[in-house]
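So that you can map any letter, position 67 of the sequence shown is 89 in my numbering, and since no number is skipped, the others follow by simple counting.
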Amino acid sequence: MSNHRVPPPLFSEPPAKIEEPSFRAKTLATRLPKAEMEAVEAAASAANKTCSEWLRDAAIAHLNRPVRTKKSTPDPTLLAEIVGLRSIVVNLLAAVAVDLPKETIQRIVTQADSVKQGKAEEILRRLEDQSKPDAGEK
Numbered sequence: 023m024s025n026h027r028v029p030p031p032l033f034s035e036p037p038a039k040i041e042e043p044s045f046r047a048k049t050l051a052t053r054l055p056k057a058e059m060e061a062v063e064a065a066a067s068a069a070n071k072t073c074s075e076w077l078r079d080a081a082i083a084h085l086n087r088p089v090r091t092k093k094s095t096p097d098p099t100l101l102a103e104i105v106g107l108r109s110i111v112v113n114l115l116a117a118v119a120v121d122l123p124k125e126t127i128q129r130i131v132t133q134a135d136s137v138k139q140g141k142a143e144e145i146l147r148r149l150e151d152q153s154k155p156d157a158g159e160k
């Protein structure tokens, strides 16, 4: 008795298993409000990427940025002393440099105010780098 009702096999060998890339083994889904989604789409389009590619790159860039600790409140006594020293220096400059116009002294103070935050952060970063265990091993 022949079995003519069974069709011939479609594949002579079993189909190859499709392997996922090991570096992208998980999927992350999120919901965004319309305005945020439009902003992501615009940014992805400007970068000539898909939304998924752009979001992945943005997440990785965020993870790779330096860790910023919460800014602490300065000690009130220390801050009062620094403000006092600043006042002394400005007043001494005004008293000693009698031939300097007040506008010039004010420009000096304004210029110092404009760079002090950046200089302080630079010094703190340098001190932080020096305190890391592998800082001296290069």
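Note that beta-carbon positions come from the ideal geometry of N, C-alpha and C, so glycine has one too.
Whether residue i touches residue j by CB criterion (9 Å)
i: Ile-130; j: Leu-107; result: no
i: Cys-73; j: Glu-63; result: yes
i: Ala-119; j: Ile-127; result: yes
i: Leu-77; j: Ala-66; result: yes
i: Ala-68; j: Asp-79; result: no
For residue i, three-class secondary structure by DSSP
i: Pro-96; result: coil
Buried or exposed by the 16-neighbour rule on C-beta atoms within 10 Å, applied to residue i
i: Glu-144; result: exposed
Could you name each continuous alpha helix (DSSP H) segment of 4 residues or more that falls completely within the region 46-97, going from the start of the chain to the end?
56-68 and 73-86
Enumerate, from N- to C-terminal direction, the unbroken beta strand (DSSP E) stretches of 3 or more residues contained entirely within the region 91-152.
none
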